[in-house]
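For reference, the structure is listed below as structure tokens.
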Amino acid sequence: MSVQFKKSYRFAIRSAVYITVLSSLIVAGLTYFFFEFSWQFTLIYAACILVFAFLSIQYRLEHYIYSKVRIIYDDVTNHDSEITGQHITADIATLTREVQRFANDKRVQIEMLQDREQFRREFIGNVSHELKTPLFTVQGYLSTLIDGAVKDKTLRKKYLERAEKGVERLILIVQDLDMITKLESGDEPMRMERFDIIRVVQNAFDLLEMKASKKDIMLLFDRKYTKQIWVMGDQEKIEQALVNLLVNSIKYGKEKGSTEVSIEDFGTDKVIVRVTDNGEGIEKYNLPRIFERFYRVDKSGSRTEGGSGLGLSIVKHIVEAHQEKISVKSDVGIGSEFSFTLRKAKPDQA
Numbered sequence: 029m030s031v032q033f034k035k036s037y038r039f040a041i042r043s044a045v046y047i048t049v050l051s052s053l054i055v056a057g058l059t060y061f062f063f064e065f066s067w068q069f070t071l072i073y074a075a076c077i078l079v080f081a082f083l084s085i086q087y088r089l090e091h092y093i094y095s096k097v098r099i100i101y102d103d104v105t106n107h108d109s110e111i112t113g114q115h116i117t118a119d120i121a122t123l124t125r126e127v128q129r130f131a132n133d134k135r136v137q138i139e140m141l142q143d144r145e146q147f148r149r150e151f152i153g154n155v156s157h158e159l160k161t162p163l164f165t166v167q168g169y170l171s172t173l174i175d176g177a178v179k180d181k182t183l184r185k186k187y188l189e190r191a192e193k194g195v196e197r198l199i200l201i202v203q204d205l206d207m208i209t210k211l212e213s214g215d216e217p218m219r220m221e222r223f224d225i226i227r228v229v230q231n232a233f234d235l236l237e238m239k240a241s242k243k244d245i246m247l248l249f250d251r252k253y254t255k256q257i258w259v260m261g262d263q264e265k266i267e268q269a270l271v272n273l274l275v276n277s278i279k280y281g282k283e284k285g286s287t288e289v290s291i292e293d294f295g296t297d298k299v300i301v302r303v304t305d306n307g308e309g310i311e312k313y314n315l316p317r318i319f320e321r322f323y324r325v326d327k328s329g330s331r332t333e334g335g336s337g338l339g340l341s342i343v344k345h346i347v348e349a350h351q352e353k354i355s356v357k358s359d360v361g362i363g364s365e366f367s368f369t370l371r372k373a374k375p376d377q378a
């Protein structure tokens, strides 16, 4: 490591001054009692002693502290490349601050690695569970058919249909994981265009009308929109995000409930899209993790509703791929509100 030692002169100057004052007083006293006293001689002597003492102390200090501190810097720079090339300082306060900064940075890195390791374990466990369930379902039905049920036409059709549903769920999980991976890596380009967000919401309503009717849930706007609201974004991806949010609200909505969508101005160049339901709501401790892959609020019952468990994670990635923000508010027993921003389209944008 090629470094330049940063000198700290205060200790050497103070020590040299103390030595100079003491030795000058001694010399002045001796010359006063035993020789002819001379101020000129005393001052010249004091100046020489001051210079000699300062240089000697500073030289020894540099070599002693440098040899000790260099060991610390070598150890630290083996683990922290940011320190490489900095001046080695003999100032203990500065050295202490740098070592403390190094320790704090490493503690933060360790905590981040621990969090990532925990997330990795949970993610692998969730993926295994999500894939295992439909795989075992398909395997069970096919094994039953192989063992002789294939001869029964009624059972054969029913088991093949159920096996097909299991395969469809596997395909859905793989497709959603593939999309999230592409969105994270930037391999899924956003096809930015000008479109009417009101029409996109209405398309999502039409697509999910039958699904909502099974639970007697109304899909509606907060008011009648008489004018188009033009925004910029990938229309297909934004529609998918809206569909995922609406599916989530239907899944956790209560019978004869409602899901309401509103579009409001948000600043001068943004609109905010809100999806609000009056369903069961989400516990506060779940909110920070609601957008994680495979994270489920209801660990037991939600799987009966189907889906890949990646819907909200996809929504988050789609919104963030547009450089926008998504948020959630929820009260247990009252309902939830998911909202995200979009950039307004300028009048002359096509």
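Residues in the sequence shown are numbered from 29 upward in steps of one, following this note's numbering.
All C-beta atoms in this analysis are idealised placements derived from N, C-alpha and C, irrespective of residue type, glycine included.
Only a predicted model underlies this, so the values are computations on that prediction, with no experimental measurement involved.
Cβ-Cβ separation between N231 and G339: approximately 18 Å, too far for a contact (criterion under 8 Å). By the CB criterion at 8 Å, S277 and D250 fall outside the cutoff. Counting the other CB atoms within 10 Å of its CB gives L50 a total below 16, which places it among the exposed residues. If you draw a straight line from the Cα of V360 to the Cα of G309, it comes to about 4 Å. L211 is positioned such that its CB atom lies closer than 8 Å to that of A349. Between the C-alpha atoms of V178 and Y169 there is a straight-line separation of about 10 Å. Just so you know, the alpha carbons of M220 and P162 end up roughly 36 Å apart. Approximately 4 Å separates the beta-carbon atoms of F223 and Q263; this is inside 8 Å, confirming the contact. For E216, there is no enclosing alpha helix (DSSP H), as DSSP gives it neither H nor E. A distance below 8 Å separates the beta carbons of R302 and E365.
When secondary structure is reduced to three states using DSSP, R144 falls in the helix class.
Judged by beta-carbon spacing, A44 lies within the 8 Å limit of A81, meaning their Cβ atoms are closer than that value.
Spatial neighbours of F368 in its own chain (CB-CB distance under 8 Å, excluding positions within 5 residues in sequence) are listed in chain order as A269, I300, V301, V343, V347, E352, K353, I354 and S355. Counting every other CB atom within 10 Å of its CB across the protein chains shown gives A75 a total below 16, marking it as exposed. DSSP, read as helix, strand or coil, puts V301 in strand. The Cβ atoms of L247 and A240 sit closer than 8 Å to each other.
A check of alpha carbon separations from I85 across R38, H345 and D143 identifies R38 as the nearest.
The closest CA to that of I291, considering only K284, V229 and E283, is found on V229.
L183 and V195 have their C-alpha atoms some 18 Å from each other. Of all alpha-carbon atoms in K357, K282, F294 and V289, the one lying nearest the alpha-carbon of Y313 is that of K357. When secondary structure is reduced to three states using DSSP, R222 falls in the strand class. In the structure shown, the three-state DSSP call for K282 is coil. Scanning its chain for C-beta atoms nearer than 8 Å, with the 5 sequence neighbours on each side dropped, one finds around I208 the residues R321, L338, S341, I342 and H345, in chain order.
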